[in-house]
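Quick notes on the structure that follows.
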Ligand SMILES: [Zn+2]
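Numbering (this note's numbering), first residue to last: 49 to 245.
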């Protein structure tokens, strides 16, 4: 077939069939652009919760690695500052929860870190789903282990609390008792740390 000029980039190319007006490189770019805008639409409107969880590690490996590094560092720093070794469940359930939400907030403009999900509806932070129900257990762990005597913990915890209070504070009137208690816990903790909401 005769060569022709690409309508998009004006380079010469040989079309595989008569109706082609753009060169292969431009066509490929257009497909990618369409896929991206489709993904952006899906991300904005929410994705199925199970699908999100199941695919998270394979779709966002860099994010998983960043999250892992950050929470390991956070655990070590906090325990060094407190000069103690915390029980394993406090490290995993409390320190990691603060670390995950914190790093998600810091990266929230990038895809994957904070994602709206459907069925059940919620928001996943750094791939995990418990941000709106973590305040009670963090508050209890703070009381039991004086976690906020660690300056690093205190700093990140304050940012997490402030964010959660902005995002889920309206749950203080929710009919769901768990959501309500956690929203109240966030407000109480902010007050206790000197930042009444
Ligand atoms: Zn072209």
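The beta carbon of each residue, even a glycine, is placed where N, CA and C say it ideally should be. No experiment lies behind these values; they were computed from the predicted model shown.
What do you reckon, is the C-beta of residue 56 under 7 Å from a heavy atom of ligand 1? Residue 56: yes, Cβ under 7 Å from ligand 1.
When the Cα of residue 145 is compared with those of 177, 166, 131, which residue comes out closest? Minimum Cα-Cα distance from residue 145 among the listed residues 177, 166, 131 corresponds to 177.
Any idea which residues DSSP pairs residue 96 with across the strands? Paired residues: 166.
Helix or strand or just coil, what does DSSP make of residue 60? Per DSSP, reduced to three states, the secondary structure at residue 60 is strand.
Determine contact between the region 78-97 and the region 116-136, defined as no fewer than three beta-carbon pairs at a distance below 8 Å. The answer is no - the region 116-136 does not touch the region 78-97, with fewer than three Cβ pairs under 8 Å.
Any heavy atom of ligand 1 inside 7 Å of the beta-carbon of residue 73? For ligand 1, at least one heavy atom lies less than 7 Å from the Cβ of residue 73.
How long is the line joining the alpha carbons of residue 50 and residue 57, rounded to whole angstroms? Cα to Cα, the separation comes out at about 18 Å.
With H, G and I counted as helix, E and B as strand and the rest as coil, what does DSSP make of residue 211? Helix.
So, at 7 Å on beta carbons, what are the nonlocal neighbours of residue 54 in its own chain, with the 5 sequence-adjacent residues on each side left out? Excluding sequence neighbours, residue 54 sits near 61, 70, 71, 74.
Cβ neighbours of residue 184 in the same chain (closer than 7 Å, five flanking residues each side left out): Within the same chain, residue 184 has close Cβ partners 229, 230, 233.
C-beta contact flag for residue 207 and residue 153 at 8 Å: In this structure, residue 207 lies near residue 153, with their beta-carbon atoms less than 8 Å apart.
On the three-pair Cβ rule with 8 Å, is the region 211-226 touching the region 128-140? As far as the Cβ criterion goes, the region 211-226 does not touch the region 128-140, which means the pair count is below three.
Reference residue 182, options 167, 194, 205, closest by Cα: Closest by alpha carbon: 205.
So, are the CB atoms of residue 213 and residue 197 less than 8 Å apart? Contact flag unset, no.
Residue 62 CB to nearest heavy atom of ligand 1 below 7 Å: Remark: the C-beta of residue 62 is outside contact range of ligand 1, defined as less than 7 Å to any heavy atom.
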